[in-house]
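Working notes, beginning with the structure itself.
In our numbering, the protein residues as written are -6 to 458.
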């Protein structure tokens, strides 16, 4: 429901509906509430800084402070606020219905994607490669930023001393709640606050319960004391840790990550399907996706695409309501004729003819956008010239390509970290891992430990005689 129109440096006063000056916030314009709406659900944003208004945009009252908001009968509009970390409101959504829904872009209430509200098709690894890293549990890099190569740092009345295990001893009198910078690295799209009562998880990673804060606007993790502690002495040890999960666990010293970089010549693309997918996301949606199988040493391409430029490749009206591209204009290997997608049209807008390898649509499917096939071609010409062409993705017969030998050799050198191994990648792609234990090595090691223990025991007994 939220159109990207906001006012930075302002916040909605939920007690009277007025707009107040506050550099840490931004607020929305008046958002119209659909008639008959009983409940509104908000994803992200500051749920305690909102207000309802009537048809004259006069203040009615403050919404309750949770994601499920009951809408007053005479409410016509709502205004919301966001913190400085999300002032563009790009991650905030309001929806009507029975429950909160996953975030999706604003589309003006129309089915999406559409030519007015396109939705870019994600292509992981479109830079040409994906980097995989194997960490321990702790994701905060060491050495810490403000220490550099030193073991002591000072800021705002506090002396910070590095400990051998990566912990930080803080001693002094706090003159300001802001302490040293620990890391400049992106851990989350949302702020993380390790102080008591602070939100220390985004549902994916979690910060330890220590006086720390992560600012996603500047990708900065730093010591942050409670404002009530300013002016008070401190003598404590801080154990900095951010880990994958939602509940913080015992501190573990940072381990330098192992790296694996694998090429992705065309990226890794996917198309949603009702069944037969090779990946299921967290919402239960199945996808057919390109894949890198390191165990087999293969890059498996299941998704192909064709670009419609409106000139060399365009649609022609056959006189029977079908708008077709020319025969054999699509790449061979079409596997599913009605499984395709683009950023401008819903996936049922186009179909693919497998025997003659062409793409087609109908005047009926395009009636909300174009009157003739030529109108559609003009749209394609315009988007092609804007370097954002109509590109239709489709499922093809899988093609397997060998991964480079150096990638396989690099992969074989990877090993787990004890006791925890965290595997991440820089493209946000789903990964499946299989752990294979070396039981012989483990048993041999245990026998060696037992033998050493017996020797030590016998030595002690002999010394006691």
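Yeah, the Cβ is synthetic: ideal placement off N, Cα and C, and Gly gets one too.
What's the call for residue i, buried or exposed, on a 16-neighbour Cβ count within 10 Å?
i, result
"residue 80", "Low confidence applies here, because residue 80 scores a pLDDT of 48, under 50, leaving its location unreliable and the question unanswered by this model."
"residue 301", "buried"
"residue 4", "buried"
"residue 283", "buried"
"residue 129", "buried"
"residue 56", "buried"
"residue 380", "exposed"
"residue 197", "exposed"
"residue 376", "buried"
"residue 185", "buried"
"residue 199", "buried"
"residue 547", "As shown, the chain starts at -6 and ends at 458. That puts residue 547 outside it, with no answer to give."
"residue 179", "exposed"
"residue 426", "exposed"
"residue 378", "exposed"
Could you say which of the options lies nearest to residue i if we only look at CA atoms?
i, options, result
"residue 151", "100, 179, 223 and 211", "223"
"residue 411", "89, 236 and 248", "248"
"residue 461", "420, 192, 28 and 385", "Any answer about residue 461 is impossible in this case: the structure gives the chain only from -6 up to 458."
"residue 349", "320, 85 and 289", "320"
"residue 156", "233, 242, 313 and 51", "233"
"residue 231", "202, 89 and 250", "202"
"residue 273", "315, 423 and 112", "423"
"residue 54", "332, 22 and 8", "8"
"residue 108", "415, 194, 360 and 421", "360"
"residue 52", "70, 36 and 115", "70"
"residue 193", "217, 173 and 170", "217"
"residue 162", "382, 418 and 228", "228"
"residue 244", "97, 391, 114 and 159", "159"
"residue 113", "165, 378 and 334", "334"
"residue 485", "357, 225, 296 and 36", "Since the first residue shown for the chain is -6 and the last is 458, residue 485 is missing from the structure and cannot be characterised."
"residue 402", "296, 255 and 337", "255"
"residue 123", "99, 427, 237 and 257", "257"
"residue 317", "395, 354, 358 and 225", "354"
"residue 220", "143, 426, 170 and 330", "170"
"residue 357", "373, 390, 314 and 382", "314"
"residue 400", "237, 236, 250 and 287", "287"
"residue 332", "212, 25, 68 and 266", "266"
"residue 167", "182, 149, 183 and 180", "149"
"residue 239", "212, 181 and 289", "181"
"residue 99", "42, 339, 85 and 391", "85"
"residue 393", "295, 304 and 136", "295"
Specify the secondary structure class of residue i as computed by DSSP and reduced to three states.
i, result
"residue 411", "coil"
"residue 137", "coil"
"residue 172", "strand"
"residue 263", "strand"
"residue 362", "coil"
"residue 403", "helix"
"residue 197", "coil"
"residue 220", "helix"
"residue 4", "strand"
"residue 292", "strand"
"residue 315", "strand"
"residue 80", "Low local confidence applies: a pLDDT of 48 at residue 80 is under 50, so the model's placement there is unreliable, and no value is given."
"residue 398", "helix"
"residue 75", "strand"
"residue 374", "helix"
"residue 356", "helix"
"residue 183", "coil"
"residue 44", "strand"
"residue 451", "Because residue 451 sits at a pLDDT of 48, beneath the cut-off of 50, its placement in the model cannot be relied upon, and the point is left open."
"residue 368", "helix"
"residue 245", "coil"
"residue 11", "coil"
"residue 341", "helix"
"residue 50", "coil"
"residue 165", "strand"
Beta-carbon separation of residue i and residue j under 7 Å?
i, j, result
"residue 241", "residue 176", "no"
"residue 125", "residue 30", "no"
"residue 27", "residue 45", "no"
"residue 72", "residue 21", "yes"
"residue 251", "residue 417", "no"
If residue i and residue j are in contact, beta carbons under 8 Å, what's the gap, nearest whole angstrom?
i, j, result
"residue 387", "residue 327", "6 Å"
"residue 95", "residue 276", "6 Å"
"residue 369", "residue 308", "5 Å"
"residue 345", "residue 323", "6 Å"
"residue 281", "residue 297", "No, residue 281 and residue 297 are not in contact; Cβ-Cβ is about 11 Å, not under 8 Å."
"residue 174", "residue 213", "6 Å"
"residue 312", "residue 396", "Not confirmed; about 49 Å, so no contact."
"residue 215", "residue 172", "6 Å"
Between residue i and chain B, is the shortest Cβ-Cβ distance under 7 Å, so that the two count as touching?
i, result
"residue 189", "Judged by its chain identifiers, the structure shown contains no chain B, having just a single protein chain."
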